[in-house]
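Report on the following structure.
Protein chains: 2
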Amino acid sequence: MLASVASRPTFKRLPRAVREQQMLDAAVRVFSRRGFHEASMDEIADEAGISKPMVYAYLGSKDDLFRACVNREGTRLLESIVSVVGDDLPADEQLWRGLRGFFAFVGAHRDGWAVLYRQAKSRQPFADDLAALRTRIVAVVAGMLGRAVQAARTSAHEQDLTASAYALVGAAESIADWLADHPEADPDHSAARLMNFSWLGARQLLQGELWQPSSA
Amino acid sequence: MLASVASRPTFKRLPRAVREQQMLDAAVRVFSRRGFHEASMDEIADEAGISKPMVYAYLGSKDDLFRACVNREGTRLLESIVSVVGDDLPADEQLWRGLRGFFAFVGAHRDGWAVLYRQAKSRQPFADDLAALRTRIVAVVAGMLGRAVQAARTSAHEQDLTASAYALVGAAESIADWLADHPEADPDHSAARLMNFSWLGARQLLQGELWQPSSA
DNA sequence: GAGCATATCTACTCCTGCGTAAGGTTACTG
DNA sequence: CAGTAACCTTACGCAGGAGTAGATATGCTC
Chain R
1 MLASVASRPT FKRLPRAVRE QQMLDAAVRV FSRRGFHEAS MDEIADEAGI SKPMVYAYLG
61 SKDDLFRACV NREGTRLLES IVSVVGDDLP ADEQLWRGLR GFFAFVGAHR DGWAVLYRQA
121 KSRQPFADDL AALRTRIVAV VAGMLGRAVQ AARTSAHEQD LTASAYALVG AAESIADWLA
181 DHPEADPDHS AARLMNFSWL GARQLLQGEL WQPSSA
Chain F
1 MLASVASRPT FKRLPRAVRE QQMLDAAVRV FSRRGFHEAS MDEIADEAGI SKPMVYAYLG
61 SKDDLFRACV NREGTRLLES IVSVVGDDLP ADEQLWRGLR GFFAFVGAHR DGWAVLYRQA
121 KSRQPFADDL AALRTRIVAV VAGMLGRAVQ AARTSAHEQD LTASAYALVG AAESIADWLA
181 DHPEADPDHS AARLMNFSWL GARQLLQGEL WQPSSA
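Quick note, the sequences are listed as chains R and F, same order.
All residue numbers for the first sequence refer to the UniProt record's numbering, where the first residue is 1 and numbers rise by one.
All residue numbers for the second sequence refer to the UniProt record's numbering, where the first residue is 1 and numbers rise by one.
As structure tokens, this is what we get:
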């Protein structure tokens, strides 16, 4: 009704794969700063420099879109941990590498972390997706601890290993949360602090003991 | 327009203070199972056995109501920790008591915990309230560690103490989260597992060492 | 047992934002 | 350079739910 007079330079056409990634990037940013509900599809479309029906055409409903974000960021997160943790290294070295990988991810993808950690937990349909991811991480950690126990020829109950894994993951999330709000902070520093806490325990720390990475 | 024919037994009048508590109880339950946005004011009013305008008259808007829930549950949580942690006890005894108090609260107020932990984190306006509460808890924990360090005549950087406090609080939240989903689990058991992890550290645990409470 | 403050209800209005129908625009292909 | 398939848009339908207006019931006080 209005145009076709000026025939505006209008828009650029891009292949589907590219646009989908742009949309996901935009969605992660918006979900991160607004929260799931407060984020509107209009704002996401706007942030992606595209109109709303495109989002629906490519990624489906708002729920679908959010789930796609969680899956993409979750996969990246998990990948950044498991890719650096070797199978046959000493327990403390594995722990150290895992923590570094984790905090490096959070430092580099603060938006993604916010979506995963702060948003997905509250919405029931996605809580399941997140729980699944968390369970996989906890399983990785518990498996690591289990192998270390075997290597030390001591024994431990399955439940205790799992509890320790939960504690470790929770501690990491907590510090990551702090990190996400302090852009000036160094991820490796956070990793070292958590390493000290979780490996040595409060008792040793109070006695002034410190853990040192073997490789600089 | 419709009634005044049958003059139904209709409703019971209750003093404001009582109704307010009923409403808060209902709101916590509904927010807990639905999440902030999915919870409707109609459902909350219904759960409280009252009609919607009453909620607005007494507690204000939906935001106000949610904030009231967070404040009430947060105050209770903090109280259940600080009330059992003496000032002049050994560090491990303080830690043990604090953890027991915390997990006892979560075990007894799972709904309240869900509101605090899973919901408040995601909504921007309330994230501040929750952050304030968390900061107070972290400060309590850090203060405890600080006194313990002094008692041990060792030294530690302020930042390291705070990081340890964050890690401890995060680990506790993580296990509490698990506890909230396992009604059959014993809160004291969870407290003991976390005590082992945080006090001894992973290294000691892997060597088969265990921490024992001095009092049964 | 009449008056009055307070507690309570029913029945709306209106806004926000998800999801879609119907139709232009671009660029590739023969 | 016409035909066509994939991109992309504007403009709307519609539902859910926050918040409110106005009327009614209750029980305390004298």
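We put the beta carbon where it would ideally sit given N, CA and C, even for glycine.
8 angstroms Cβ cutoff, F/R118 in contact with chain R:
yes
Measure the C-alpha to C-alpha separation of F/E173 and R/A108 and round it to an integer number of angstroms.
25 angstroms
Residues near F/R16 in its chain [Cβ-Cβ closer than 6 angstroms; skip 5 each side]:
none
If you follow the alpha helix (DSSP H) that F/D88 is part of, which residue opens it and which one closes it?
Neither: F/D88 is in no alpha helix (DSSP H) and is coded neither H nor E.
I need the straight-line Cα distance from R/L179 to R/A114, nearest angstrom please.
Roughly 11 angstroms separates the two Cα atoms.
Check whether the stretch 73-84 of chain F and the stretch 92-106 of chain F touch, using three or more Cβ-Cβ pairs below 8 angstroms as the test.
yes
Start and end residues, alpha helix (DSSP H) containing R/D46
M41 to E47
Taking only beta-carbon atoms, is F/Q94 less than 8 angstroms away from chain R?
no
Quick check on DSSP: helix, strand or coil for R/S198?
helix
Starting from F/E38, trace the alpha helix (DSSP H) both ways and give me its first and last residue.
That residue, F/E38, is in no alpha helix (DSSP H); it is neither H nor E in DSSP.
My assumption, with CB atoms under 8 angstroms, is that R/I44 sits in contact with R/A68. Please give the rounded CB distance.
Not confirmed; about 12 angstroms, so no contact.
Report the option in R/T135, R/Y56 and R/M41 whose CA atom is closest to the CA atom of R/L78.
R/T135
Cβ shell of F/M1 (< 7 angstroms), same chain only, five flanking positions each side left out
With a pLDDT of 35 at F/M1, under the threshold of 50, the predicted position of this residue should be treated as unreliable, though the coordinate-derived value follows. So the list is empty, once near-sequence residues are dropped.
DSSP three-state assignment for R/H109, whether helix, strand or coil
DSSP, read as helix, strand or coil, puts R/H109 in coil.
For the putative contact between F/A104 and F/P187, defined by C-beta atoms under 8 angstroms, what is the C-beta separation to the nearest angstrom?
About 5 angstroms separates the beta carbons of F/A104 and F/P187, which is inside the 8 angstroms limit, making them a contact pair.
Relative to the C-alpha of F/V138, which candidate in F/V30, F/A163 and F/I175 has its C-alpha closest?
Nearest C-alpha to F/V138 among F/V30, F/A163 and F/I175: F/A163.
Tell me where the alpha helix (DSSP H) around F/Q119 begins and ends.
Unbroken run through F/Q119: none, as it is neither H nor E.
Which residue wins for smallest C-alpha separation from R/E93, given the options R/R19, R/D160, R/A131 and R/V141?
R/V141
Can you check whether the C-beta of R/L200 is within less than 8 angstroms of a C-beta belonging to chain F?
yes
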